[in-house]
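Engineer: Before I ask anything, let me first share the structure, which is written out below as structure tokens.
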């Protein structure tokens, strides 16, 4: 379970998922549940006022192409009873009607570390976001990770369509097994996921050049990247924004 002593302060829930039962649930049904039931209920809570849904531009080639994220003023809300009461079973879903029986859902609780200012005044939610995550080696100093991201942001800020960059650190992560336990449902002893511990979300007004992602994924000239346990560079395209549409402005 998430530790209340750790999971607090500004940050967001970052939720990546895939359909595990395509034989009985298609994308249209899954997204209808997300928008009309799940996110609609979340928007009625006291702790979350904004939700975004994006889709991986490489859908069909990736493990979890569906992304939803929820910026929050205080992640402590996620350790309270109101959050635990959010339903995960719906008449809009087929079969058992339980989302965890139909989709593989990984959830990251990430704390806000810092952000840049918008390169130009923001007029809309970012049409594209580029996730750049890294799980540094155990002996990599925090200062070196920050320096790596400083250099990355400086370089990407020159790219066409660049809007802003926001940094986060991982506080907790759960997969279906831990999510079932959170909801008091039968579960397994599957260990929690170990995603990258640091991430930056780069916002773009148009699709950035594919070479940017390729470099983030494969460039081993930087020691931080070469020594990392894991790196990720995933580009998402906006599907819909709900609520106040505020992303740490």
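In UniProt numbering, the protein residues as written are 1 to 249.
Beta carbons: idealized from backbone N, C-alpha and C, even for Gly.
Source: prediction; values computed, not measured.
Drop a sphere of 10 angstroms on the beta-carbon of residue 96, count the other beta-carbons inside from all chains shown, and report buried for 16 or more, exposed for fewer.
Structural biologist: Its Cβ having fewer than 16 others within 10 Å, residue 96 is exposed.
Engineer: Using CA coordinates, which residue listed in 174, 202, 233 is at the minimum distance from residue 159?
Structural biologist: 202
Engineer: For residue 133, which residues of its own chain have a beta-carbon under 6 Å away from its beta-carbon, when the five flanking residues on both sides are left out?
Structural biologist: Here the set comprises 196, 199, 232.
Engineer: Are at least three pairs of beta-carbons, each pair with one atom in the segment 106-119 and one in the segment 7-17, less than 8 Å apart?
Structural biologist: yes
Engineer: Buried or exposed for residue 50, please, with buried defined as at least 16 other CB atoms from any protein chain shown within 10 angstroms of its CB.
Structural biologist: buried
Engineer: Should residue 164 go down as buried or exposed, given a rule of 16 or more other Cβ atoms within 10 Å for buried?
Structural biologist: buried
Engineer: Quick check on the burial criterion: 16 or more other C-beta atoms within 10 angstroms. Buried or exposed for residue 136?
Structural biologist: buried
Engineer: Starting from the C-beta of residue 70, find all residues in its chain whose C-beta is less than 6 Å away, skip the five residues before and the five after it, and write them out in chain order.
Structural biologist: 12, 13, 48, 51
Engineer: Are the beta-carbon atoms of residue 171 and residue 6 separated by less than 8 Å?
Structural biologist: Cβ distance < 8 Å, so residue 171 and residue 6 count as in contact.
Engineer: What do you reckon, are the CB atoms on residue 68 and residue 34 nearer than 8 Å?
Structural biologist: Result yes, Cβ atoms of residue 68 and residue 34 sit closer than 8 Å.
Engineer: Mind checking whether residue 235 and residue 126 have CB atoms under 8 Å apart?
Structural biologist: Judged by beta-carbon spacing, residue 126 lies beyond the 8 Å limit of residue 235, meaning their Cβ atoms are not closer than that value.
Engineer: Confirm, please, whether the CB-CB distance from residue 66 to residue 18 is below 8 Å.
Structural biologist: Yes.
Engineer: Report the rounded CA-to-CA distance for residue 102 versus residue 27, giving the unit in angstroms.
Structural biologist: 11 Å
Engineer: If you reduce the DSSP assignment to three classes, tell me which class residue 102 lands in.
Structural biologist: coil
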